[in-house]
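Chemist: What follows is a structure written as structure tokens; I'll ask about it next.
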Amino acid sequence: MAAIEEQFGEMENAPDWYGKTLDELDFEWSKEEELELERYCEKIIENAEEEEMTPKERFEATWQKQDKDRLHIEVKYNVPYAVRTLDSFADAIKPGDLYRWPKLHVKAHLATAARFKLDIINVYVIYYTEGLWGGRTRMIDYGTPQLIGEPPIKTMEDLESVAVPDPKKHGLYPGYLWALKELKRIMAKYGADEVMPVEYSFCGDPMGNALLAMLGFNDGMIMIKKQPELFRASVEKMAEWTITFGQAVKECEPDGFYMCSFMGAFPPRMGDVDNTWLMPLYGKIGKTLSAGEGNKPYLWHTGGQSGFEEWMHLYYPAGAVGPNSFGGWWFGDEHPFEPAFEYCREKDLYCGMTIDDHIVLNGDFEAIEAELKARLELAKLHPKHFCALGVLDYWTPQPVFDKTLEIAKRLGRF
Amino acid sequence: MPKAQILESLTEAMVDIDEDLVLELVDEGLEAGLDPVEILTEGLQPGLEIIGEGFDNHTRFTVDLVLAGELMNDAMAKLRPIMESGGKGTGQTMVIGTVDGDIHNVGKRVVAAVFTGAGYDVIDIGENQAASAFVKAAKEHNADIVGASAILGPQKPYCEVIHEALVEAGIRDKVLYIVGGWGMTQEWCDRVHADAYGDTAYEALDRVKVILS
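Those sequence lines, one after another, are chains C and Y. At position 378 of the first sequence the residue is numbered 689 (the working numbering), and the sequence of numbers has no breaks. At position 102 of the second sequence the residue is numbered 93 (the working numbering), and the sequence of numbers has no breaks.
This is the structure we're talking about:
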């Protein structure tokens, strides 16, 4: 097999540091930037003093099943909305700028936590390994890097010719890991880490990444039925990446880390094709990442797309959720929330169910209150359950987000 | 097999996404003298609608939409030449693409399949397409409808760039301009000067039919 770098495609619009390893990155802060970071941390600490418990205490209490003042709120605001805070909704700085400039990535998350009085800083992954298995990519302003041209993996020979990359050395991942480490370092320097937890993503799941970066979404979907062996082999190879990447993220010492679960795009069984092999594979990921000495951040999935009902009950028996594995789910709004809460109560799993992001985008406060109330009343029935809020649309007005959080905090009080 | 049974079997095969059987029944229907439009509207399209409804109520999956869309395209590859030679179909052309900066395509493909199923000649120009590409394709194919898909929220404003490009090209008043994608609303539709949008592919089709009728 050739040197791994030979399998990487060119990335258009890549940052200057592209090609450097994590150890080689040497970004420095100016004095003005240090002041900026310190002020964000001061504000985070000040925000935490407004309530009975700090966000960190509340997060710990949730996982440890202890009493708390209100439900923990986990918002998947992700990079696009973090950017909005940084440039005051000007649509000046682009999400792609945060992928190119890790310092901006750090600032954006601190600013967002400070501005919105969040319960946890959520740092979402930069991309899904596009270009690292062959094929050219292009960095764009408003989304993750795009594969240009045909997907790289079409045959078993293609797959066998590629090796698993190293997130500390390859692609944009060194920049992402730098931002994760730096965020923790800064928070520790100014004391914000004592009150504010951080959650780091190592998304997507192997199946989602294989579709996006190896096989192409449409072609990959067709392969599930027509070339199931290639589909499975691709996902299994991608799972090696997921474990490697998850380990690297874990070393950045978050309070929690999570992996997307893209299940729901297809059923566990499609005619003669049995896709349930995915469950023990996810179990392997969860168990591997849960194990080891030292820091043990909490670990969970995000997921719950339409169709997930068929999969949910398969996770626990396979060890893909449960003790010493993924501890539960942050569910999207397409999943029926009542049975999910009930199931997660029975299995003692971390669980939150978000509301429809469209109603938040539209600022429909009556609907926001009604949907949150329905979910939070159920979430209060188990100490490990929390208030999930979704991937905020780029155009969600900031006052709407403020009000939504206010409603969530009020309804989540015990 | 009687014609009615062929059509019924075709719908069932489409619901099952049985590629071989669908294409076999299309051939059988043509040999039996069924009108290709009938095969489309009474056989294939009902099956696609059932899958679409299933997706809306969470009993069918994204993979079903993708596979059904591909199968519809394969079936139309057999039917379209016959329809066109006989002057059938809606006689109208749709150009559809995903806007510049966005490569999502599943929803767009579903829309393309639904409009194909409704008899439109659909030209899919692909993903990450600049406004100029939409204009070029609209002119080249004498499009009646131009559809722009923007899944990434921040890309929604680009739909207005396409509108402006159509105006500048002097063809905006000759086409029905529709938009779609996650988070697309009537407010955004109005803001980008589109004529219609749809939360689902079928909703888009219904609105287009109303406007064009």
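Built from N, CA and C at the ideal position, the CB exists for glycine as well.
Report the partner residues of C:Cys571 according to the DSSP bridge assignment.
Modeler: For the purposes of this step, residue 571 of chain C is taken as residue 260 along the first sequence, with counting starting at 1. According to DSSP, C:Cys571 bridges with C:Thr613.
Chemist: Does the CB of Y:Ile73 have a neighbour CB from chain C at under 9 Å?
Modeler: Counting from one through the second sequence, the residue named residue 73 of chain Y turns up at place 82. It does not; no Cβ of chain C falls within 9 Å.
Chemist: Candidates Y:Thr2, Y:Val170 and Y:Asn48: which alpha carbon is nearest Y:Thr32's?
Modeler: Your numbering for residue 32 of chain Y matches position 41 in the second sequence. The shortest Cα separation from Y:Thr32 among Y:Thr2, Y:Val170 and Y:Asn48 belongs to Y:Thr2.
Chemist: Any contact of the stretch 424 to 435 of chain C with the stretch 468 to 479 of chain C, i.e. 3+ C-beta pairs under 8 Å?
Modeler: Contact between the stretch 424 to 435 of chain C and the stretch 468 to 479 of chain C is absent, because fewer than three Cβ pairs lie under 8 Å.
Chemist: Using a C-beta cutoff of 9 Å, does C:Ala325 count as contacting chain Y?
Modeler: The residue given as residue 325 of chain C occupies position 14 in the first sequence. No, no contact with chain Y.
Chemist: Would you identify the three-state DSSP class for C:Thr599, choosing helix, strand or coil?
Modeler: Walking along the first sequence from the start, residue 599 of chain C turns up at place 288. DSSP places C:Thr599 in helix when its eight states are reduced to three.
Chemist: Let me make sure I understand the geometry here. Which of Y:Ala122, Y:Thr84, Y:Lys200 and Y:Asn119 has the alpha-carbon closest to that of Y:Tyr111?
Modeler: Numbered from its first residue, the second sequence carries residue 111 of chain Y at position 120. Among Y:Ala122, Y:Thr84, Y:Lys200 and Y:Asn119, the Cα nearest to that of Y:Tyr111 is on Y:Thr84.
Chemist: By Cβ distance below 6 Å, which residues in the same chain neighbour Y:Gly38 in space, the five residues on each side in sequence not counted?
Modeler: Locating residue 38 of chain Y in the second sequence gives position 47, where the first residue counts as 1. Excluding residues within five positions, the ones whose Cβ falls inside 6 Å are Thr2, Met5 and Val6.
Chemist: Looking at C:Asp380 and C:Glu362, is the spacing between their C-beta atoms short of 9 Å?
Modeler: As a position in the first sequence, residue 362 of chain C is number 51, starting the count at 1. As a position in the first sequence, residue 380 of chain C is number 69, starting the count at 1. Cβ atoms of C:Glu362 and C:Asp380: closer than 9 Å.
Chemist: Would you check if the stretch 152 to 160 of chain Y and the stretch 632 to 652 of chain C touch, i.e. whether three or more CB-CB distances between them fall below 8 Å?
Modeler: They do not touch, by the three-pair rule.
Chemist: Residue range of the alpha helix (DSSP H) that C:Glu717 falls in?
Modeler: The count along the first sequence starts at 1 and reaches residue 717 of chain C at position 406. Counting along the chain, the alpha helix (DSSP H) containing C:Glu717 begins and ends at Gln709 to Leu722.
Chemist: Can you tell me whether DSSP reads C:Tyr329 as helix, strand or coil?
Modeler: Working through the first sequence from its first residue, we reach residue 329 of chain C at position 18. Here C:Tyr329 sits in coil by DSSP.
Chemist: So C:Thr448 packs on C:Leu458, CB below 8 Å; how close in whole Å?
Modeler: Within the first sequence, residue 448 of chain C is the residue found at index 137, counting from 1. Within the first sequence, residue 458 of chain C is the residue found at index 147, counting from 1. That pair is a contact at about 6 Å.
Chemist: To the nearest angstrom, report how far apart C:Asp644 and Y:Arg163 are at their CA atoms.
Modeler: Against the first sequence, residue 644 of chain C aligns to sequence position 333. Against the second sequence, residue 163 of chain Y aligns to sequence position 172. Spanning the two alpha carbons is a distance of roughly 38 Å.
Chemist: Leaving out five residues before and five after Y:Asn133 in sequence, what residues of the same chain have Cβ atoms less than 7 Å from its Cβ?
Modeler: Along the second sequence, read from residue 1 onward, the residue named residue 133 of chain Y stands at position 142. Thr84, listed in sequence order.
Chemist: List the residues of chain C whose Cβ lies closer than 7 Å to the Cβ of Y:Pro61, in chain order.
Modeler: For the purposes of this step, residue 61 of chain Y is taken as the residue at position 70 of the second sequence. The residue asked about is misnamed: residue 61 of chain Y is Glu in this sequence, not Pro. Per Cβ cutoff of 7 Å: Ile533.
Chemist: Whole alpha helix (DSSP H) runs in the stretch 400 to 437 of chain C with 4 or more residues, listed along the chain?
Modeler: Listed in chain order, they are 406 to 411 and 413 to 427.
Chemist: Closer than 9 Å by beta-carbon distance: list the chain Y residues that pair up with C:Phe676, in chain order.
Modeler: The sequence position of residue 676 of chain C within the first sequence is 365, counting from 1. Residues of chain Y passing the Cβ test: none, with the nearest at roughly 17 Å.
Chemist: Is the CB-CB distance between Y:Ile211 and Y:Ala124 below 9 Å?
Modeler: Lying before the first or after the last residue shown, residue 211 of chain Y is absent from chain Y, which here runs from -8 to 204.
Chemist: Report the three-state DSSP secondary structure of C:Phe642 (helix, strand or coil).
Modeler: Counted from its first residue, the first sequence places residue 642 of chain C at position 331. In this structure, C:Phe642 counts as strand in the three-state DSSP scheme.
Chemist: Which same chain residues end up closer than 6 Å to C:Gly633 when comparing Cβ atoms and leaving out the 5 residues on each side of it in sequence?
Modeler: The count along the first sequence starts at 1 and reaches residue 633 of chain C at position 322. The answer, listed in chain order, is Tyr627.
Chemist: Using a Cβ-Cβ distance cut-off of 9 Å, determine whether Y:Asn133 contacts chain C.
Modeler: Position 142 of the second sequence, counting from 1, holds the residue named residue 133 of chain Y. Y:Asn133 does not count as touching chain C.
Chemist: Starting from the C-beta of Y:Ala(-5), find all residues in its chain whose C-beta is less than 6 Å away, skip the five residues before and the five after it, and write them out in chain order.
Modeler: Here residue -5 of chain Y refers to the residue found at position 4 when the second sequence is read from its first residue. So no residue of the chain qualifies.
Chemist: Quick one, which residues of the stretch 142 to 165 of chain Y are near chain C if we go by CB-CB under 8 Å, in chain order?
Modeler: Result list: Leu143, Gly144, Pro145, Gln146 and Lys147.
Chemist: Fully enclosed by the stretch 497 to 569 of chain C, which beta strand (DSSP E) runs are 3 residues long or longer?
Modeler: 509 to 512, all fully within the stretch 497 to 569 of chain C.
Chemist: Could you check what DSSP says for C:Met312 in three-state terms: helix, strand or coil?
Modeler: To locate residue 312 of chain C, count along the first sequence from 1; it is residue 1. Bear in mind that a pLDDT of 49 at C:Met312, under 50, signals an unreliable position, so the number given afterwards is only what the model happens to contain. In the structure shown, C:Met312 sits in coil (DSSP, three-state: anything other than H, G, I, E or B).
Chemist: What would DSSP say about C:His273, mapped onto helix, strand or coil?
Modeler: The requested residue 273 of chain C is not part of the displayed model; chain C covers only 312 to 725.
Chemist: Across the stretch 705 to 722 of chain C and the stretch 392 to 401 of chain C, are there enough close Cβ pairs to call them in contact, namely three or more that are closer than 8 Å?
Modeler: They touch, by the three-pair rule.
Chemist: When you compare the CB positions of C:Gly320 and C:Gly442, do they come within less than 9 Å of one another, or not?
Modeler: As a working note, residue 320 of chain C is residue 9 in the first sequence. As a working note, residue 442 of chain C is residue 131 in the first sequence. Cβ distance < 9 Å, so C:Gly320 and C:Gly442 count as in contact.
Chemist: Rounded C-beta distance between C:Tyr511 and C:Val560? I'm assuming under 8 Å.
Modeler: Locating residue 511 of chain C in the first sequence gives position 200, counting from the first residue. Locating residue 560 of chain C in the first sequence gives position 249, counting from the first residue. Going by Cβ atoms, the distance from C:Tyr511 to C:Val560 rounds to 5 Å, so yes, they are a contact pair.
Chemist: Going by beta carbon distance, what residues of the same chain come within less than 8 Å of Y:Ser140, once the five residues before and after it are set aside?
Modeler: For the purposes of this step, residue 140 of chain Y is taken as the residue at position 149 of the second sequence. Cβ within range, chain order: Ile87, Gly88, Thr89, Val90, Asp93, His95, Asn96, Gly98, Lys99, Val102, Val170, Gly171 and Gly172.
Chemist: Counting only Cβ-Cβ distances shorter than 8 Å, please list the residues of the stretch 525 to 552 of chain C near chain Y, keeping chain order.
Modeler: Hits within the stretch, in order: Phe528, Asn529, Met532, Ile533, Ile535 and Lys536.
Chemist: Roughly how many angstroms lie between the CA atoms of Y:Leu196 and Y:Tyr149, to the nearest whole one?
Modeler: Sequence index remark: in the second sequence, residue 196 of chain Y carries index 205 (1-based). Sequence index remark: in the second sequence, residue 149 of chain Y carries index 158 (1-based). About 22 Å.
Chemist: For C:Phe619, which residues in the same chain have their Cβ closer than 6 Å to its Cβ, ignoring the five residues on either side in sequence?
Modeler: Taking the first sequence and counting its residues from 1, the one referred to as residue 619 of chain C is at position 308. Within the same chain, C:Phe619 has close Cβ partners Met574, Gly575 and His646.
Chemist: Nearest-angstrom Cα distance between C:Gly454 and C:Leu494?
Modeler: The count along the first sequence starts at 1 and reaches residue 454 of chain C at position 143. The count along the first sequence starts at 1 and reaches residue 494 of chain C at position 183. For C:Gly454 and C:Leu494, the distance between alpha carbons rounds to 22 Å.
Chemist: Would you list the residues sitting across from C:Asp659 in a DSSP beta bridge?
Modeler: Taking the first sequence and counting its residues from 1, one reaches residue 659 of chain C at position 348. For C:Asp659, which the question treats as bridged, DSSP gives no partner whatsoever.
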